[in-house]
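Chemist: Got a structure here, written out as structure tokens. Questions coming.
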Amino acid sequence: MSTVTHTFEGEEASGESNDDLRFLLTNRNGSFLCLSAGKKSRYDGYFWRDDKTYRIVEDIKVLQAAVPKHLTNSFTEITRDFSSFSETFFMPRHKNGFHYSVNHKKNITLDLDIRESYDNRIWGRNYEAKETDGVSIINFVKKNDPREPSGDEFALSLAAISDGKATPIREWVHKVYETDAHRKSEPTERYAYRAFEISASRFALGVGRTEEEAIKNATEIFDNYEQLRKIQEEENKSMLGWHLDNEKIGMAFRCAIASLDSLRTNEGILAGLPWFFQVWGRDQAISLKALMLQKEYAYSRLLLESMLPHRDRFGRLKNILSGGESETGSADATGWVIQRLSDLLELLERDRQLRLYFTKKEVEMLVTSFESIIDEVTKDKAREGLVVNDALETWMDTYYAGDVREGVRIEIQALQIACYKALYSLTNKKFYSALAENAIKNVRKKLFNGHYLNDGLDDETIRPNVFIAYYLVPELLDSAEWAMTFDYALKALWNSWGGLATIDKSHKLYCDESTGQDTRSYHRGDSWFWINNLAALSLSRFDHKRYHREIEKILEASTDEILFYGCIGHHSELSSSKELRAEGCFSQAWSAAMYIELVHELFVK
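If you read the sequence shown in the working numbering, its first letter stands for residue 27, the second for the next number, and so on.
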């Protein structure tokens, strides 16, 4: 059993965890360092983001080191304590590399697995190791091999600078990935290249397209480590200087803020690391409110505007905006973006800063763009007063046994109504007010079954999407009807540890254990932290006294998961319904974002 401590400006939160712990640091450009203290994954290691995301380092290990006894997150660095030594990891922002140190000289092995992140081919990997003026250099070329041909390949270089000596090893080492085996994610074994062993107390690793770039990046980090660390500490003090009465929740709140911040890039907010390193439309839009609450107004505006050109053939915002392509559309990204524009303008008005960030003409131009989008979506997707979506276009976007949620879905109706409301508020055009009122009447008539809101037209399956509907359009039902809807939802979905299943637990498709990369359980049982936090927020807004037990349990579960489970200091994607676990993607943007919103709602005055 390992222990974990999060420390910030004299405050601490400590607790026991298990031996399968990870940490994750980023450079805010999409590069990241993720290492496990126990079970390994092929998504662990140092990953470099250039035009694509490349895995570079497979593992860094002191010879004969066992499982660490203690992990400390200081927000600027991660320290792991073993029985006879401690090691510290630092990743400077916007730099191409990282810094590693131990409290006294050790023999450290550096295992490499250079490849594009999703590319698991084994042939055509060519490493050249050499020493130049005390710098250890690896030149790597991925060559097209006839056994696994795949178009254009690539080349890059690494440089390691230390205060000791590097000895070439040049051998292939067999690796087993237990975490991936548990997730049923192939391959679960691979060979990495053990380039060299470094006998030192610290080293910096740099990466680049050429030797010169790699050496320059390593030198900059090695020579300026103390200065870079101090700069980052000061930035963290400014960003994380929140103080709540509840110290444990306050520390998890800081972790969530830091985690969401770590997923920021110039392209946008990455959906999650280590494998959702794309910018997803709905994920980014949902996450933006948390940044706005942190007064990140300029960045929020930038991202909202950057999303507008990414349109599909129906005029809607696309599923993936950067870093990849998606075969399915997104029925909800457009609605979330318009909702977030409304949120941004409202918060700026509240803070009396609107004219610092927008001129009147700029607001009008944005509103005109969103009117055009909504008019097109209404024309193409509205049927008898309700909006339809195709299969797999909602956030519940996985297939199993015919469960694809096509047609009329409750959260899509709520998003459309929220858009009409926002546009009416921004334009004062009664046309939008009438559309919103008509849509509310249609939802009540066709989706409220007298006891609760259906998940879809003629689909009484209970799912947690009713909480999204309340979050967006609380006037959709009256108080008594919402109480019934929430009571039915909680009875069908509630997990006693403090989360919601994604489908009625009596349903034939329900899975109580996560099935990993096999998505059978993904939206048919697995408990998603973003929706749990949103549900607690909705319940608190509706009737905190009535639902205080559920609100407190969700808050407690999310807080513990951030602090002491999985990837420490980050909010995972999901948990099995059966019990609280850190599963799915190690660090998920909208999980952290909705936790930030929830804490603001409950604690921040």
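Here a beta-carbon is modelled for each residue, glycine too, at the ideal position from N, C-alpha and C. Since this is a predicted model, take the numbers as computed values, not measurements.
The beta strand (DSSP E) with R607 in it runs from where to where?
Modeler: Working through the sequence shown from its first residue, we reach residue 607 at position 581. No beta strand (DSSP E) contains R607, which DSSP labels as neither H nor E.
Chemist: V403 bridges to which residues according to DSSP?
Modeler: For the purposes of this step, residue 403 is taken as residue 377 along the sequence shown, with counting starting at 1. In DSSP, V403 forms no bridge with anything.
Chemist: Assuming S566 and L628 form a contact by the criterion Cβ under 8 Å, report the distance between their Cβ atoms to the nearest whole angstrom.
Modeler: Along the sequence shown, read from residue 1 onward, the residue named residue 566 stands at position 540. Along the sequence shown, read from residue 1 onward, the residue named residue 628 stands at position 602. About 6 Å; that satisfies the 8 Å criterion.
Chemist: Can you tell which of G64, C611, L498 has the C-alpha that lies nearest to the C-alpha of K95?
Modeler: The count along the sequence shown starts at 1 and reaches residue 95 at position 69. It is G64.
Chemist: Are the CB atoms of A185 and A615 within a distance shorter than 8 Å?
Modeler: Within the sequence shown, the letter at position 589 stands for residue 615. Within the sequence shown, the letter at position 159 stands for residue 185. No, the pair does not count as a contact, with Cβ atoms beyond the cut-off.
Chemist: List the DSSP bridge partners of L97.
Modeler: Start at 1 with the first residue of the sequence shown, and residue 97 comes out as number 71. In DSSP, L97 forms a bridge with V30, R106.
Chemist: Can you list, in chain order, the residues of its chain whose CB lies under 6 Å from that of L182, leaving out five sequence neighbours each side?
Modeler: If you number the sequence shown from 1, residue 182 lands on position 156. The answer, listed in chain order, is F166, R235.
Chemist: Looking at the strands, I want to know which residues DSSP matches up with H200.
Modeler: Sequence index remark: in the sequence shown, residue 200 carries index 174 (1-based). Looking at the DSSP assignment, H200 forms a beta bridge with Y217.
Chemist: Assign C60 to one of three DSSP states: helix, strand, or coil.
Modeler: As a position in the sequence shown, residue 60 is number 34, starting the count at 1. Strand at C60.
Chemist: Round the Cβ separation of R337 and L330 to the nearest angstrom and send it over; I've been treating them as touching at under 8 Å.
Modeler: Start at 1 with the first residue of the sequence shown, and residue 337 comes out as number 311. Start at 1 with the first residue of the sequence shown, and residue 330 comes out as number 304. Wrong, their Cβ atoms sit about 14 Å apart, outside the cutoff.
Chemist: With S532 and S540 assumed to form a contact (beta carbons below 8 Å), what rounded beta-carbon distance in angstroms separates them?
Modeler: As a working mapping, residue 532 is identified with position 506 in the sequence shown. As a working mapping, residue 540 is identified with position 514 in the sequence shown. The Cβ separation is near 19 Å, so there is no contact.
Chemist: Let me check understanding here. Comparing Cα to Cα, which of K386, R280, H477 lies closest to V642?
Modeler: A question about residue 642 goes unanswered here, because the residues of the chain that appear run from 27 up to 631.
Chemist: What does the alpha-carbon distance come out to for the pair W149 and L314?
Modeler: One-based indexing of the sequence shown puts residue 149 at position 123. One-based indexing of the sequence shown puts residue 314 at position 288. Their backbone Cα atoms lie some 42 Å apart in a straight line.
Chemist: Would you tell me roughly how many angstroms separate the C-alpha atoms of T385 and L371, rounded to the nearest one?
Modeler: Here residue 385 refers to the residue found at position 359 when the sequence shown is read from its first residue. Here residue 371 refers to the residue found at position 345 when the sequence shown is read from its first residue. Distance between the alpha carbons of T385 and L371 is about 12 Å.
Chemist: May I ask you to list the residues that DSSP assigns as paired with D85?
Modeler: For the purposes of this step, residue 85 is taken as the residue at position 59 of the sequence shown. Paired residue(s): D137.
Chemist: For W198, count neighbouring C-beta atoms within 10 Å of its own C-beta (all shown protein chains included) and say buried if the count is 16 or more, exposed if not.
Modeler: Here residue 198 corresponds to residue number 172 of the sequence shown, with the count starting at 1. With fewer than 16 other Cβ atoms within 10 Å, it is exposed.
Chemist: From A495 to G341, what distance separates their C-alpha atoms?
Modeler: In the sequence shown, residue 495 corresponds to position 469, counting from 1. In the sequence shown, residue 341 corresponds to position 315, counting from 1. Near 23 Å, if we compare the C-alpha coordinates of G341 and A495.
Chemist: Does the distance from the CB of N250 to the CB of G232 come in under 8 Å?
Modeler: Locating residue 250 in the sequence shown gives position 224, counting from the first residue. Locating residue 232 in the sequence shown gives position 206, counting from the first residue. No, they are not a contact pair.
Chemist: Can you say whether K156 is buried or exposed, counting buried as having 16 or more other CB atoms within 10 angstroms of its CB?
Modeler: In the sequence shown, counting from the first residue as 1, residue 156 sits at position 130. Exposed, since its Cβ has fewer than 16 Cβ neighbours within 10 Å.
Chemist: In whole angstroms, give me the CA-to-CA distance for S584 and N521.
Modeler: As a first step, residue 584 must be located in the sequence shown, where it is residue number 558. As a first step, residue 521 must be located in the sequence shown, where it is residue number 495. Cα to Cα, S584 sits roughly 13 Å from N521.
Chemist: Going by DSSP, what residue range makes up the beta strand (DSSP E) through S183?
Modeler: Looking up residue 183 in the sequence shown gives position 157. Residues 180-188.
Chemist: Are the stretch 266-276 and the stretch 134-143 touching, with three or more C-beta to C-beta distances below 8 Å?
Modeler: At 8 Å Cβ cutoff, the stretches do not touch.
Chemist: Nearest-angstrom Cα distance between W362 and L441?
Modeler: By 1-based counting over the sequence shown, the position of residue 362 is 336. By 1-based counting over the sequence shown, the position of residue 441 is 415. Cα to Cα, W362 sits roughly 7 Å from L441.
Chemist: Looking at C-alpha atoms only, which residue of E390, N454, T511 is the closest neighbour of F474?
Modeler: Stepping through the sequence shown from its first residue, residue 474 is reached at position 448. For the residues E390, N454, T511, the minimum Cα distance to F474 belongs to T511.
Chemist: Quick check on DSSP: helix, strand or coil for H18?
Modeler: The structure shown does not extend to residue 18, since the chain spans only 27 to 631, so no value can be given for it.
Chemist: When you compare the CB positions of F49 and C611, do they come within less than 8 Å of one another, or not?
Modeler: Within the sequence shown, numbered from 1, the residue matching residue 49 stands at position 23. Within the sequence shown, numbered from 1, the residue matching residue 611 stands at position 585. In this structure, C611 does not lie closer than 8 Å to F49 by Cβ.
Chemist: Please check the pair T420 and A357, which I expect to be a contact at CB under 8 Å, by giving their CB distance rounded to whole angstroms.
Modeler: By 1-based counting over the sequence shown, the position of residue 420 is 394. By 1-based counting over the sequence shown, the position of residue 357 is 331. The Cβ separation is near 6 Å, so the contact holds.
Chemist: Would you call P490 buried or exposed, if buried means 16 or more other Cβ atoms sit within 10 Å of its Cβ?
Modeler: Within the sequence shown, residue 490 is the residue found at index 464, counting from 1. P490 comes out buried.
Chemist: Going straight from the alpha carbon of Q90 to that of A561, what length do you get?
Modeler: Taking the sequence shown and counting its residues from 1, one reaches residue 90 at position 64. Taking the sequence shown and counting its residues from 1, one reaches residue 561 at position 535. Answer to the nearest angstrom: the Cα atoms are 46 Å apart.
Chemist: Kindly list the residues whose CB is nearer than 6 Å to the CB of F396, restricted to its own chain and excluding five residues on each side of it in sequence; keep chain order.
Modeler: Looking up residue 396 in the sequence shown gives position 370. Counting only Cβ-Cβ distances below 6 Å, and skipping sequence neighbours, we find I364.
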